[in-house]
Amino acid sequence: MADTAQLLNWDEAPRAIRLRIPSGRVCVIGVTGPVGAGKSHLSRTLRGEHGIHIATDDYLPDYDKVAYEDRDDPDRADSAALIANLLDLRRGTSTRIPTWSFQTHSRVGYREVAPASLVLVEGIHALHERILPHLDLCVFVEAPPEIRWRRWEYLEATGQRGWGVEVAREFFHSVAEPTFAKFEHVYRSRAHFVVRNGAGMPTV
Numbered sequence: 005m006a007d008t009a010q011l012l013n014w015d016e017a018p019r020a021i022r023l024r025i026p027s028g029r030v031c032v033i034g035v036t037g038p039v040g041a042g043k044s045h046l047s048r049t050l051r052g053e054h055g056i057h058i059a060t061d062d063y064l065p066d067y068d069k070v071a072y073e074d075r076d077d078p079d080r081a082d083s084a085a086l087i088a089n090l091l092d093l094r095r096g097t098s099t100r101i102p103t104w105s106f107q108t109h110s111r112v113g114y115r116e117v118a119p120a121s122l123v124l125v126e127g128i129h130a131l132h133e134r135i136l137p138h139l140d141l142c143v144f145v146e147a148p149p150e151i152r153w154r155r156w157e158y159l160e161a162t163g164q165r166g167w168g169v170e171v172a173r174e175f176f177h178s179v180a181e182p183t184f185a186k187f188e189h190v191y192r193s194r195a196h197f198v199v200r201n202g203a204g205m206p207t208v
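Numbering-wise (the working numbering), the sequence shown opens with residue 5 and increments by one.
Right, here's the structure in full:
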């Protein structure tokens with residue numbers, strides 16, 4: 005999809021990406037990267053006050069219905085629902101987006117989202133081949149593993165996720181990291197922008 009990705013430092017990324025957003029039509033930006041890279045933080049920054057932020061986490065399966073090692077597998081995610089939501093938003097119509105809970109690790113409901121001219125799709129498989137045709141710009145966020153783990157550890161230690169540090173550590177090393185590694189090269193090759201994030205921020 006992308007020819008040569010533009011390499012960006014964290015601080016310069018929001019402005020550089022905004023300069024590529026077309027005007028006069030709906031623009032959908034996919035933001036991917038490994039766990040803890042800063043995808044959500046960057047997406048919220050780009051979204052501003054008037055855009056829409058859609059997390060692919062909300063399309064995860066109920067964890068108790070899939071094998072432990074398959075929980076981050078893109079084939080287990082509800083990509084059909086995500087695509088349907090994106091098509092609605094591109095047509096300028098409201099759409100019903102699922103809500104997934106990190107406390108219960110399951111889908112807990114839905115929310116109605118009104119259309120906007122800017123849509124951010126963020127998650128570890130946001131540049132998956134099924135989602136790619138629905139994206140206008142692609143962003144890959146990267147950060148060293150030790151920094152990424154510290155960010156996730158912070159979320160668990162402060163009760164923002166439902167596992168606790170030790171369970172999350174096991175999942176990070178045995179499922180999250182090896183699963184993303186299978187797709188990392190191809191996702192990076194699809195990116196228009198590669199954002200390097202070595203910042204010590206606790207949020208992801």
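Don't be surprised by glycine CBs; every beta carbon is placed ideally from N, CA and C.
Can you find the residues in the same chain that come closer than 8 Å, C-beta to C-beta, to residue i, ignoring five residues on each side of it along the sequence?
i: Thr103; result: Asp62, Arg111, Val112, Gly113, Tyr114 and Arg115
i: Gly96; result: Val30 and Pro119
i: Asn89; result: Ile58, Thr99, Arg100, Ile101 and Val117
Taking 6 Å as the limit between beta carbons, can you name the residues of its chain near residue i, skipping five residues before and five after?
i: Phe1; result: Because the chain spans 5 through 208 in this model, residue 1 falls outside it and cannot be assessed.
i: Ile33; result: Leu124 and Leu141
i: Leu12; result: Ala20, Phe197 and Val199
i: Asp82; result: Tyr63
i: Gly40; result: Arg152, Arg155, Trp156 and Val208
Indicate the three-state DSSP secondary structure (helix, strand or coil) for residue i in the structure shown.
i: Trp167; result: coil
i: Thr183; result: helix
i: Ile13; result: In the sequence as presented, Ile is not what sits at residue 13; that position holds Asn. Three-state result, Asn13: strand.
i: Glu150; result: helix
i: Ser27; result: coil
i: Ile135; result: coil
i: Ala59; result: strand
i: Val190; result: helix
i: Phe106; result: coil
i: Arg100; result: strand
i: Thr162; result: coil
i: Leu124; result: strand
i: Glu53; result: coil
i: Leu141; result: strand
i: Arg75; result: coil
Enumerate in chain order the residues of its own chain whose CB-to-CB distance from residue i is below 7 Å, with the five nearest sequence positions on each side excluded.
i: Pro78; result: His129 and His132
i: Asp160; result: Here the sequence assigns Glu to residue 160, which means Asp is not the residue at that position. Only Trp167, Gly168, Val169 and Ala172 meet the Cβ criterion.
Quick one: Cα of residue i to Cα of residue j, how far?
i: Gly166; j: Ala9; result: 36 Å
i: His189; j: Thr36; result: 12 Å
i: Ala17; j: Leu64; result: 28 Å
i: Asp92; j: Leu141; result: 18 Å
i: Glu150; j: Ser121; result: 36 Å
i: Pro26; j: Glu157; result: 37 Å
i: Arg24; j: Gly55; result: 15 Å
i: Tyr67; j: Gly28; result: 40 Å
Measure the beta-carbon distance from residue i to residue j and round it to whole angstroms, keeping in mind my assumption that it falls under 8 Å.
i: Glu126; j: Ser44; result: 6 Å
i: Leu50; j: Arg22; result: 7 Å
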